[in-house]
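Those letters in the sequence shown? Residues 156 to 293, per the working numbering, in order. Glycine is no exception: its CB is placed at the ideal position from the N, C-alpha and C atoms. Nothing here was measured: the structure is a model prediction, and the numbers come from that model. Take a look at the structure below.
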Amino acid sequence: MGDAEGMDERIFETLDLVRNYGDEKWWLYASTCRACGQNWMVAQEERIHDNYCLKRIDQDTLSAIVEHSRWPPDFLSYELILRLGREAGHVATFLDSRSPVLVETAHDLRQARPEISIEDIAYALAIPTKQAKRLLKV
Numbered sequence: 156m157g158d159a160e161g162m163d164e165r166i167f168e169t170l171d172l173v174r175n176y177g178d179e180k181w182w183l184y185a186s187t188c189r190a191c192g193q194n195w196m197v198a199q200e201e202r203i204h205d206n207y208c209l210k211r212i213d214q215d216t217l218s219a220i221v222e223h224s225r226w227p228p229d230f231l232s233y234e235l236i237l238r239l240g241r242e243a244g245h246v247a248t249f250l251d252s253r254s255p256v257l258v259e260t261a262h263d264l265r266q267a268r269p270e271i272s273i274e275d276i277a278y279a280l281a282i283p284t285k286q287a288k289r290l291l292k293v
């Protein structure tokens with residue numbers, strides 16, 4: 156994010172946290188906008204591409220989140236959040252090809268989905284396949 160006019164900061168200042176998913180899915184939370192009353196599900200991906208994914212949710216969905224921890228499936232996978240950023244064209248380039256955050260994230264993706272291919276890891280991280288192999292020491 157970080158646009159020159161500070162639009163992202165102004166928007167996020169209006170969002171009141173209603174519920175965090177928790178440690179397991181640290182990137183995911185639900186908020187309500189003080190300005191308009193709209194409820195949002197937010198995936199905050201700051202590790203790799205520094206993107207935010209927002210989805211409007213209705214009051215019934217927010218109630219299901221708050222009362223029963225029943226979250227819509229849209230942002231439940233960190234791999235999906237990384238892919239959404241990549242497919243939107245908002246990707247970061249790391250000068251250190253073995254940056255600890257890249258290594259950690261590659262291993263996290265493998266832990267979350269053991270059958271994930273090297274190509275899928277490379278795609279999510281927006282790096283060459285060869286680099287993804289090195290990150291996993293394959």
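Handout entry: Extent of the continuous beta strand (DSSP E) run through residue 207
Key = Translated into positions along the sequence shown, residue 207 becomes position 52. Unbroken beta strand (DSSP E) run through residue 207: 206–212.
Practice task
Drop a sphere of 10 angstroms on the beta-carbon of residue 206, count the other beta-carbons inside from all chains shown, and report buried for 16 or more, exposed for fewer.
Solution key: On the sequence shown, position 51 is the one that residue 206 refers to. It is buried - the Cβ of residue 206 has at least 16 other Cβ atoms within 10 Å.
Exercise for the section: Just tell me which of 208, 224, 284 has its CA closest to the CA of residue 215. Expected result: For this step, residue 215 is matched to residue 60 along the sequence shown. Scanning 208, 224, 284 for the CA closest to the CA of residue 215 turns up 224.
Handout entry: Proximity to residue 273 [Cα-Cα], best of 263, 266, 285, 187
Key = Translated into positions along the sequence shown, residue 273 becomes position 118. For residue 273, the closest of 263, 266, 285, 187 by C-alpha to C-alpha distance is 285.
Handout entry: residue 189 versus residue 275 - alpha carbon distance
Key = As a first step, residue 189 is located in the sequence shown; it is residue number 34 there, counting from the start. As a first step, residue 275 is located in the sequence shown; it is residue number 120 there, counting from the start. Those two C-alpha atoms are separated by around 38 Å.
Problem - residue 260 burial status per 10 Å Cβ neighbour count (16 or more: buried) - result: As a first step, residue 260 must be located in the sequence shown, where it is residue number 105. Classification for residue 260: buried.
Problem - the region 241–253 contacting the region 159–179, beta-carbon criterion three pairs below 8 Å - result: They do not touch, by the three-pair rule.
Exercise for the section: Could you please give the first and the last residue of the uninterrupted alpha helix (DSSP H) stretch that includes residue 256? Expected result: Residue numbering aside, residue 256 sits at position 101 when the sequence shown is read from its first letter. Annotation for residue 256: the continuous alpha helix (DSSP H) segment containing it runs 255–267.
Problem - Cβ neighbour criterion (16 or more within 10 Å) applied to residue 279 - result: The residue given as residue 279 occupies position 124 in the sequence shown. Taking a 10 Å sphere around the C-beta of residue 279, we find 16 or more other C-beta atoms and assign the residue as buried.
Handout entry: Closest residue to residue 234 among 187, 160, 253, 208 (Cα-Cα distance)
Key = Stepping through the sequence shown from its first residue, residue 234 is reached at position 79. Taking only the C-alpha atoms, the option nearest residue 234 is 208.
Practice task
Apply the 10 Å Cβ neighbour rule to residue 240 and answer buried if 16 or more other Cβ atoms are within range, or exposed otherwise.
Solution key: The residue you call residue 240 lines up with position 85 of the sequence shown. Counting of Cβ neighbours within 10 angstroms places residue 240 among the buried residues, the total reaching 16 or more.
Practice task
Following the continuous alpha helix (DSSP H) through residue 284, name the residue where it begins and the one where it ends.
Solution key: Within the sequence shown, residue 284 is the residue found at index 129, counting from 1. For residue 284, the uninterrupted alpha helix (DSSP H) segment begins and ends at 284–291.
Practice task
Select from 178, 194, 230 the residue whose C-alpha is nearest the C-alpha of residue 218.
Solution key: In the sequence shown, counting from the first residue as 1, residue 218 sits at position 63. Nearest to residue 218 by C-alpha distance, out of 178, 194, 230, is 194.
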